[in-house]
Each structure stands twice: as structure tokens, then as C-alpha cells.
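Q: Numbering of the sequence shown is given in the working numbering, commencing with residue 1 and proceeding in unit increments.
Note that beta-carbon positions come from the ideal geometry of N, C-alpha and C, so glycine has one too.
Okay, handing you the structure first.
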Amino acid sequence: MNSIELTSIFPSRSIPPSLDQPLPQLIDCDPTVAPDEAEMAEYILWLGSQRTWESLPESAMQAIARLFHRFQVEAGSLIYLEGQTPIGLYLLKLGKVEIFQQS
Numbered sequence: 001m002n003s004i005e006l007t008s009i010f011p012s013r014s015i016p017p018s019l020d021q022p023l024p025q026l027i028d029c030d031p032t033v034a035p036d037e038a039e040m041a042e043y044i045l046w047l048g049s050q051r052t053w054e055s056l057p058e059s060a061m062q063a064i065a066r067l068f069h070r071f072q073v074e075a076g077s078l079i080y081l082e083g084q085t086p087i088g089l090y091l092l093k094l095g096k097v098e099i100f101q102q103s
């Protein structure tokens, strides 16, 4: 099975019901479980290597990293529909994403 790996930032405590938020179909992810120490270190290292986040203080990066949840999505799956209320911020770690705009 081909898949892409994404990291999403959304609150651990509450995920909108699947009927309200049908996308994405997560593979190997429990959004109620916070990242462990090794994952936190990896997320902080990654944040520090990105131009958008690199100037943040370590404490801010730690706070953001606590909200990360890594998951995989099957290739060809929709992860967001235009106009849908987003459940988080998606950061692509591996794979590719195509963006379409409805007209």
C-alpha cells in the first residue's frame, strides 16, 4: 500500500466527530495519545530546521510539538476539502500532496 506520512497539529483532548469531519482517514494514529519523548525530540528538531519555526524559543517549539500527531494516509486519499472546517495544521513529512481548487 502506498501512503504519505503527515504530521498534524490538533488538540489531543478533542477530535470533531467523524460525521462532521470525514477527512482524512487516519492509518496508525491514536489522536488521544500525546507524543513520547523521542517523538517530541524529533518534532522539535524538525521545527528548528524550518524557516517558519526556527526563530521560536525552545519552550514555544516544545508547546507546539506536544500537539503533533503523526499519521499516514493512503495514496490518493483526500485530506481536506475546500470550505471544510480544518481540524488542524497538516505538515507533510514524506510523500507528495496535490492541491486542487474548485471553480
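Grab the span of the alpha helix (DSSP H) containing Gln62 for me, first residue to last.
A: Here the alpha helix (DSSP H) through Gln62 covers 58 to 65.
Q: Are Ile44 and Ala65 closer than 8 Å when you measure CB to CB?
A: Contact flag set, yes.
Q: Answer yes or no: do Glu82 and Gln101 have a C-beta to C-beta separation smaller than 8 Å?
A: Closer than 8 Å, so yes.
Q: In three-state terms, what does DSSP make of Gly83?
A: If DSSP states are grouped into helix, strand and coil, Gly83 belongs with coil.
Q: Ignore the nearest five residues each way along the sequence and tell me which others in Met61's own chain have a CB closer than 6 Å to its CB.
A: Correct list, in chain order: Ile44, Leu47.
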